[in-house]
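Numbering (the working numbering), first residue to last: 73 to 470.
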Amino acid sequence: MVVVGGGPAGSSAAISLARAGRDVVLVDRARFPRDKCCGDGLTAAALRMLEELGLEPGRVASWQHVDDIWVRSPSGRTVRFPLPRGQGTYAAIARRADLDAALLDVARDAGVDVRDSHALTDARDAGAAVELDVDGLGTLRAAYAIGADGAWSPLRKALGAGEARYLGDWHAFRQYFSGVSDTARDIWVWFEPDVLPGYAWSFPLPGGRANVGFGIVREEDTPVGHMKQLWPDILARPQIRDVLGPAATPEAPHRAWPIPARVDRVRLAAGRALFVGDAAAATDPMTGEGIAQALVTGRLAAEAILRSGSVGPAAVARDYEAGVRRELVADHRMSALLTHATRHRKGVRTAIRVAGASDWTRRNFARWLFEDYPRAAIVTPRRWRRGVFTGPGAYRAA
Ligand SMILES: Cc1cc2nc3c(=O)[nH]c(=O)nc-3n(C[C@H](O)[C@H](O)[C@H](O)COP(=O)(O)OP(=O)(O)OC[C@H]3O[C@@H](n4cnc5c(N)ncnc54)[C@H](O)[C@@H]3O)c2cc1C
């Protein structure tokens with residue numbers, strides 16, 4: 073098996089295959105640890121999967137447990153949403169440079185042959201195998217390949233499964249700051265009227281640092297230049313400046329990256345290749361979060377290969393598509409629906425007012441927002457089981 077891409081989707085797939093006894097080579101064009109433009113936020117769903125894969129938070133230098141989320145509505149109302157205490161971790165922040173490298177170490181320990189600094193340059197279907205040309209490694213022949221190579225997925229393009237002129241459904245900016253105030257030790261989310269249904273965030277990191285950014289839904293005519301102008305303007309707004317504090321200093325220029333969020337509409341397979349994570353456009357269309365979805369699709373692709381690989385590529389594709397439909401598509405559609413409600417100030421204002429109405433609604437909104445249970449769990453009774461709405465967080469023993 074060849075896995076292209078060493079982010080969370082690639083590591084999850086590679087670890088699952090290697091633990092089932094398959095020979096797995098994972099190639100990535102970057103040398104790890106490498107940065108990935110991201111908010112670095114880990115939801116409860118992502119944390120539970122990371123725990124299952126065997127990732128130890130102690131091995132991720134920038135790991136930051138979070139207890140409280142502050143949300144500011146477009147009208148200026150600010151509400152604190154507390155996550156449960158003493159029952160494990162429901163939200164954490166970890167720089168992707170650290171997290172992804174630590175996850176690759178878990179993959180190496182599972183027996184994956186990790187080759188970073190080797191880029192995929194081309195690929196083709198060769199009947200009984202898929203052939204992949206990789207810089208510095210020549211042509212690899214694999215029974216199955218997994219495209220975990222991110223939003224621009226070169227493997228998808230090489231196999232003719234790319235979407236012409238597709239630039240992502242969201243576009244997001246991120247910048248690291250140091251010297252932030254104590255107030256920025258919690259998660260902050262600002263719904264600014266001019267970026268709805270997008271939002272700005274500040275996610276805390278150890279040592280007085282924070283990951284600050286904003287994302288907007290990309291319409292066909294959204295010019296990225298407009299976002300570039302908006303960024304310094306957003307940072308200068310009093311509600312954001314007050315949280316970051318007077319000593320907050322950017323560590324480096326901002327970075328920007330697309331967020332693909334249409335897993336219910338893209339091709340998930342091409343011949344002997346399956347696409348996972350951002351390469352499968354699997355992010356949540358309401359929040360733009362994609363780490364949990366990357367980990368889940370990686371696992372589902374590996375399971376489909378393990379279950380149906382000996383039957384043939386068509387059976388593997390069917391198996392994988394059914395898994396994605398079962399585990400992701402209902403939540404994806406629920407998020408897409410809610411995104412319509414948050415397009416306008418009134419929708420967001422109402423949502424925050426309802427969510428902040430009582431201690432109970434505040435606690436439960438925080439858990440729902442941070443994917444403690446599937447987004448659409450309430451309308452998919454087939455997934456109800458004991459504890460689904462009240463389960464402990466991840467890393468409880470720690
Ligand atoms: C600004 C921003 C903020 C975000 N914030 C959050 C957040 O807080 N929480 C969250 O859950 N999600 C967030 N997301 C989404 C999240 O970053 C992605 O969904 C997630 O990284 C997807 O993981 P992946 O493994 O599919 O892809 P990636 O993490 O993008 O990994 C793809 C890998 O493929 C490699 N690759 C690319 N081309 C080649 C090639 N030719 N050959 C070999 N390797 C190749 C790359 O080097 C890379 O390592 C955010 C996204 C953005 C843009």
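C-beta atoms are modelled at their ideal positions from N, C-alpha and C, and glycine is treated no differently.
When you compare the CB positions of residue i and residue j, do they come within less than 9 Å of one another, or not?
| i | j | result |
| --- | --- | --- |
| residue 164 | residue 135 | yes |
| residue 319 | residue 334 | no |
| residue 346 | residue 389 | yes |
| residue 99 | residue 196 | no |
| residue 225 | residue 103 | no |
| residue 361 | residue 118 | yes |
| residue 138 | residue 155 | yes |
| residue 244 | residue 331 | yes |
| residue 351 | residue 221 | yes |
| residue 421 | residue 146 | yes |
| residue 216 | residue 381 | yes |
| residue 428 | residue 153 | yes |
| residue 339 | residue 236 | no |
In or out: residue i buried (at least 16 other Cβ within 10 Å) or exposed?
| i | result |
| --- | --- |
| residue 159 | exposed |
| residue 323 | exposed |
| residue 242 | buried |
| residue 301 | exposed |
| residue 391 | buried |
| residue 298 | exposed |
| residue 95 | exposed |
| residue 157 | exposed |
| residue 213 | exposed |
| residue 228 | buried |
| residue 172 | buried |
| residue 144 | buried |
| residue 356 | buried |
| residue 93 | exposed |
| residue 76 | buried |
| residue 84 | buried |
Let me check understanding here. Comparing Cα to Cα, which of the options lies closest to residue i?
| i | options | result |
| --- | --- | --- |
| residue 417 | 269, 217, 103 and 338 | 269 |
| residue 278 | 297, 252 and 287 | 252 |
| residue 266 | 415, 99 and 81 | 415 |
| residue 238 | 227, 214 and 291 | 291 |
| residue 343 | 377, 146 and 321 | 377 |
| residue 80 | 387, 175, 441 and 140 | 175 |
| residue 368 | 380, 358, 348 and 359 | 348 |
| residue 405 | 272, 183 and 336 | 336 |
| residue 341 | 423, 425, 321 and 230 | 230 |
| residue 310 | 133, 148 and 109 | 148 |
| residue 126 | 181, 305 and 82 | 181 |
| residue 303 | 289, 120 and 285 | 285 |
| residue 280 | 218, 464, 76 and 321 | 321 |
| residue 358 | 271, 325 and 216 | 271 |
| residue 218 | 370, 463, 383 and 432 | 370 |
| residue 372 | 93, 78 and 121 | 121 |
| residue 131 | 167, 250, 397 and 88 | 167 |
| residue 262 | 464, 150 and 395 | 150 |
| residue 308 | 87, 264, 235 and 375 | 264 |
| residue 469 | 129, 395, 209 and 235 | 129 |
| residue 78 | 93, 425 and 366 | 366 |
| residue 325 | 209, 250 and 431 | 250 |
Using C-beta distances below 7 Å, list every residue in its chain close to residue i, excluding the 5 sequence neighbours before and after it, in chain order.
| i | result |
| --- | --- |
| residue 275 | 111, 112, 113, 165, 259, 282 and 283 |
| residue 257 | 276 |
| residue 169 | 105, 106 and 107 |
| residue 123 | 466 and 467 |
| residue 240 | 223, 290, 330, 331 and 332 |
| residue 91 | 182 |
| residue 306 | 264, 272, 286 and 312 |
Please go through the same chain and pick out, in chain order, the residues whose beta-carbon is closer than 8 Å to the beta-carbon of residue i, but skip the five residues on each side of it.
| i | result |
| --- | --- |
| residue 211 | 203, 204 and 205 |
| residue 401 | 335 and 336 |
| residue 198 | 213 |
| residue 201 | 213, 214, 215 and 344 |
| residue 385 | 216, 341, 343 and 344 |
Closer than 6 Å by C-beta to residue i: which residues in its own chain qualify, once you throw out the five before and the five after it? Chain order, please.
| i | result |
| --- | --- |
| residue 191 | 101 and 207 |
| residue 97 | 74 and 185 |
| residue 255 | 315 |
| residue 109 | 246, 327 and 329 |
| residue 317 | 252 and 253 |
| residue 387 | 380 |
| residue 464 | 159 and 160 |
| residue 88 | 371 and 374 |
| residue 140 | 152, 154 and 258 |
Are any of the Cβ atoms in chain B nearer than 9 Å to that of residue i?
| i | result |
| --- | --- |
| residue 109 | Absent from the structure is chain B; it holds one protein chain and no more. |
Consider the C-beta atom of residue i and the heavy atoms of ligand 3; say whether any pair is separated by less than 8 Å.
| i | result |
| --- | --- |
| residue 312 | Ligand 3 is absent from the structure shown, which contains only ligand 1. |
| query | Which parts of the stretch 195-240 are runs of the alpha helix (DSSP H), unbroken and 4 residues or longer, counting only runs that do not cross its ends? | reply | 226-230
| beta strand (DSSP E) runs contained entirely in the stretch 95-120, provided each spans 3 or more residues | 97-99
| field | Entirely enclosed beta strand (DSSP E) segments - the stretch 322-366, minimum 3 residues | value | 327-331 and 345-347
| message | To test your reading of the DSSP string, which unbroken alpha helix (DSSP H) runs of 4 or more residues are found completely within the stretch 148-202? | response | 168-181
| query | Can you give, in chain order, each stretch of the beta strand (DSSP E) that sits fully within the stretch 239-263 and has at least 3 residues? | reply | 242-250 and 259-262
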